Amino acid sequence: MFGLSQKDTRFLFIVIALTLLTPFLLNPFPTDSALAQFNAGYPALMQRFAIYGLMAIGFNILFGLTGYLSFGHAAFLGIGSYAAVWMFKLLSMNVLPAIILATLLAGLFALVIGYISLRRSGIYFSILTLAFAEMSYRLAYSVFTPITNGETGLQLNLKDPRILDAAPTSASLPVPSLFGLEMNSSWTLDLGPWDFTFNVGYYFCAVVAILGFYLSLRIFRSPFGLMLRAIKSNQNRLNYTGLNSRPYTLAAFVISGMYAGLAGGLLAAMDPLAGAERMQWTASGEVVLMTIMGGVGTLMGPVLGAGFIKYAENIFSKINESILHSWFSWLPDGLEDAVVWVFARFVGEGWHLTLGLMFMIIVIALPGGLVEGGQRIARLFRRKSEDAPSATPAE
Amino acid sequence: MSILEVKGVNKRFGGLQALGNVNLSVKEDTCHAIIGPNGAGKSTLLNCLVGKLIPDSGSVVFDGQSVLGRKPHEINQMGISRVFQTPEIFSDLSVIENVMIPCFAKRDGAFRMHAYEGVHQEKGIIEQAEAILADVNMLDKRHMHAASLSRGDKRRLEMAMCLVQEPRLLLLDEPTAGMARADTNNTIELLKEIRKTRKITMAIIEHDMHVVFSLADRITVLAQGTPLVEDTPENIKGHPKVREAYLGEAQV
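Chains as they are written, first to last, in this note's numbering: chain H, 1 to 395; chain R, 396 to 647.
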């Protein structure tokens, strides 16, 4: 179905189901329980899962398939955000034109940056993309202030023209919407001690992310995707087989840049702000971490990696010393303080330390990322259930 | 008629004259061997034919068209395929995927943005790839990871990848280098069969005289970047100049 093999169709349906049920899956703990702070089913975080998942899916088309490691994809994220906010300011608060322009503009920039950067491969390519992203960041911060509003960031204003929208009736800023369906509106389902929040913005991002995932699945299984994997495997052979690797890598670069631009547009659609820091190299590095953590070149890996990092960022960073004290109150006093002191280094502001440790563990123990971890567990179960080891290699 | 004409080719690397006034003519439907001691310029010459190096002067004409200044993929699309000294394959892909790539290159040219079709729907390409794998006796290994193949099978796979493009000229760069005697003989048999079943012109660079004399119709002896003689294998065997060039290197 959908031009996919049976196995892939089933895979796609599982992904769709998981995405649509996210508000349930990420809220396993009752609202009043002590574990409720581990719940991730609130709109802002779910939106980020979908958006960064989408960006990582796109990044994986370049890095996972061709092996070209770009350190500059945050530039496209930022360009997408600026483009979307400008659409909100000038045209309409409808999110569709905003994310379309975000995607196209990022694609245009990717074409130029990719055309130049792809003259080199390996580490030199990475450095070139990093240089372009840093340039974009610095320019957005200073020279392009009339367009980007510099360090304040680009924001909506009541006096913006918004030529397609009716004149504002209230004194508050308008909210991005899809044909009147406001992105920040939510509906809460009370189910016993549980609260599940269904947010319009999340579902909009989820639908876009599913479409993005479907497209990436098609690319992975297409002759084009095969050529990209061949580039990673042996570019020399590919050239001596009559194929020109340059347009293939450029196409992959532009596609992944458009994914990043779309993600940037969605970020702005959820919260109509765009700041230069979105283009900083740390943001470029983050998507690299996501992809490696989840599993380079796998379909699901980047999404898992994105979820993992965003979860750590938002959940671990919220745990403070008083929460730790309440957890370890059963310990004798002196010991409690010591244990809390140690754990406090790894949570709150120190959440990067936890992330770093997890990254190290995953890279050393599971070079194939979280997906490889899942495969190993699955294999363990399969070996237990049937005595003969299965001969089919895991995908 | 000759399919490849090399005329007055010179190539200099700094102070080293790697090729000096090389003339070579490969006739259609023959197997032309280029032999010579180490450093004779055999590989340099080959690299000039496939677009990896550009000669300082001279001309290389394939089938009436100059190949000079063209990129490797363009020269391949003209009909020249190359087998490398160590088999160059896509080790991360499966055996059948390795063969499907040249099938796509043959059908769709150097670049096509076919990102939305599924590989599994390309019935014609799959059939073509399976047929060539059957020809080189590798059909049962089609789902294997190419990296896990034996050295001999890697060579077979590379050969299949070249053959499926139906090249007019197949360049072989020491196809048996580093092989055990049994593998070498297998390769000779494979090449002989290819010569018999397909009308492919071959140019072969080789050290192993056993391979050369089993396959070649014409032999060019290269020494210090210049062709010494070009003749049939029988005449080359006893040629005094060749003995001189090879003195102490091999029993000719």
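All residues carry an ideal CB built from backbone N, CA and C; glycine is no exception.
Since this is a predicted model, take the numbers as computed values, not measurements.
Within chain H, the residues that residue i reaches when beta carbons sit closer than 9 angstroms
i, result
"residue 640 of chain R", "Correct list: empty, because the minimum Cβ distance to chain H is about 30 angstroms."
"residue 513 of chain R", "3, 4, 5, 8, 218, 221, 222 and 223"
"residue 471 of chain R", "239, 240, 241, 242 and 243"
"residue 560 of chain R", "241 and 242"
"residue 517 of chain R", "223"
"residue 570 of chain R", "Residues of chain H passing the Cβ test: none, with the nearest at roughly 15 angstroms."
Of the residues the options, the one placed nearest residue i, counting alpha carbons only
i, options, result
"residue 131 of chain H", "H:301, H:282 and H:320", "H:282"
"residue 77 of chain H", "H:379, H:128 and H:254", "H:254"
"residue 491 of chain R", "R:440, R:536 and R:401", "R:536"
"residue 374 of chain H", "H:92, H:106 and H:298", "H:298"
"residue 467 of chain R", "R:505, R:493 and R:436", "R:505"
"residue 508 of chain R", "H:180, H:189, H:47 and H:228", "H:228"
"residue 523 of chain R", "R:513, R:487, R:542 and R:561", "R:561"
"residue 313 of chain H", "H:380, H:352, H:341 and H:258", "H:352"
"residue 669 of chain R", "H:315, H:236, H:121 and H:326", "What is shown of chain R runs 396 to 647, which leaves residue 669 of chain R out entirely."
"residue 41 of chain H", "H:188, H:327 and H:53", "H:188"
"residue 367 of chain H", "H:301, H:379, H:306 and H:335", "H:301"
"residue 397 of chain R", "R:564, R:512, R:632 and R:639", "R:564"
"residue 532 of chain R", "R:521, R:518 and R:555", "R:555"
"residue 501 of chain R", "R:432, R:558 and R:567", "R:558"
"residue 113 of chain H", "H:135, H:269, H:33 and H:332", "H:135"
Chain R residues whose Cβ lies nearer than 8 angstroms to that of residue i
i, result
"residue 168 of chain H", "Residues of chain R passing the Cβ test: none, with the nearest at roughly 43 angstroms."
"residue 227 of chain H", "496 and 499"
For residue i: DSSP bridge partner residues
i, result
"residue 613 of chain R", "R:427"
"residue 469 of chain R", "According to DSSP, residue 469 of chain R bridges with nothing at all."
"residue 414 of chain R", "R:406"
"residue 596 of chain R", "R:564"
"residue 186 of chain H", "H:199"
"residue 618 of chain R", "R:621"
"residue 421 of chain R", "R:399"
"residue 289 of chain H", "Per DSSP, none; premise fails for residue 289 of chain H."
"residue 274 of chain H", "H:154"
"residue 460 of chain R", "R:457"
"residue 94 of chain H", "H:177"
Span of the alpha helix (DSSP H) around residue i
i, result
"residue 360 of chain H", "351-365"
"residue 342 of chain H", "333-346"
"residue 159 of chain H", "No alpha helix (DSSP H) holds residue 159 of chain H; DSSP gives it neither H nor E."
"residue 530 of chain R", "518-530"
"residue 304 of chain H", "301-315"
"residue 82 of chain H", "73-90"
"residue 325 of chain H", "321-327"
"residue 51 of chain H", "43-60"
"residue 423 of chain H", "Nothing about residue 423 of chain H can be reported from this structure: the residues present for chain H run from 1 to 395 only."
"residue 231 of chain H", "223-239"
"residue 492 of chain R", "490-503"
"residue 432 of chain R", "Segment: none, residue 432 of chain R is in no alpha helix (DSSP H) and carries neither H nor E."
"residue 23 of chain H", "22-25"
"residue 437 of chain R", "437-445"
Interface partners of residue i on chain H, CB under 8 angstroms
i, result
"residue 445 of chain R", "240"
"residue 509 of chain R", "222, 223 and 224"
Neighbour list for residue i in chain R, Cβ cutoff strictly below 7 angstroms
i, result
"residue 237 of chain H", "483, 484 and 485"
"residue 230 of chain H", "485, 488 and 496"
"residue 247 of chain H", "506"
"residue 60 of chain H", "Simply none; closest approach about 15 angstroms."
"residue 396 of chain H", "Nothing in the structure corresponds to residue 396 of chain H, since chain H is present only between 1 and 395."
"residue 233 of chain H", "485, 486, 487 and 488"
N-terminal and C-terminal residue of the beta strand (DSSP E) that residue i is part of
i, result
"residue 408 of chain R", "397-408"
"residue 264 of chain H", "Element bounds for residue 264 of chain H: not the beta strand (DSSP E) but the alpha helix (DSSP H), 245-270."
"residue 559 of chain R", "Element bounds for residue 559 of chain R: n/a, residue is neither H nor E."
"residue 622 of chain R", "621-626"
"residue 194 of chain H", "194-199"
"residue 457 of chain R", "452-457"
"residue 477 of chain R", "475-478"
Amino acids of chain R, ordered along the chain, whose beta-carbon sits closer than 9 angstroms to that of residue i
i, result
"residue 251 of chain H", "506, 508 and 510"
"residue 121 of chain H", "Correct list: empty, because the minimum Cβ distance to chain R is about 15 angstroms."
Partner residues on chain H for residue i, Cβ-Cβ distance less than 7 angstroms
i, result
"residue 584 of chain R", "Within 7 angstroms Cβ-Cβ: nothing; residue 584 of chain R doesn't reach chain H, min ~24 angstroms."
"residue 477 of chain R", "240"
heavy atom of the ligand PLP below 7 angstroms from residue i C-beta
i, result
"residue 228 of chain H", "For the structure depicted, the ligand PLP is absent and the ligand set is empty, with no information on it obtainable."
Check your understanding: Between the segment 474-491 of chain R and the segment 547-558 of chain R, do three or more beta carbon pairs fall short of 8 angstroms?
Key -> The segment 474-491 of chain R vs the segment 547-558 of chain R: in contact.
Check your understanding: Would you call the segment 47-67 of chain H and the segment 214-233 of chain H in contact, with 3 or more CB pairs under 8 angstroms?
Key -> yes
Point to revise | Cβ contact (3+ pairs, closer than 8 angstroms) linking the segment 249-263 of chain H and the segment 100-110 of chain H | key: yes
Exercise for review: For the segment 576-596 of chain R and the segment 408-417 of chain R, state whether three or more C-beta atom pairs, one from each stretch, are separated by less than 8 angstroms.
Suggested key: no
Practice item. Spell out a yes or no on whether the segment 300-318 of chain H and the segment 346-363 of chain H are touching, meaning 3 or more CB-CB pairs, one atom from each, closer than 8 angstroms. Key: yes
Practice item. Report yes or no: do three or more beta-carbon pairs, one from the segment 400-407 of chain R and one from the segment 562-581 of chain R, lie closer than 8 angstroms? Key: no
Exercise for review: Tell me, please, whether the segment 149-166 of chain H touches the segment 80-98 of chain H by the rule of three or more beta-carbon pairs shorter than 8 angstroms.
Suggested key: Under the 8 angstroms Cβ criterion, the segment 149-166 of chain H counts as touching the segment 80-98 of chain H, having at least three qualifying pairs.
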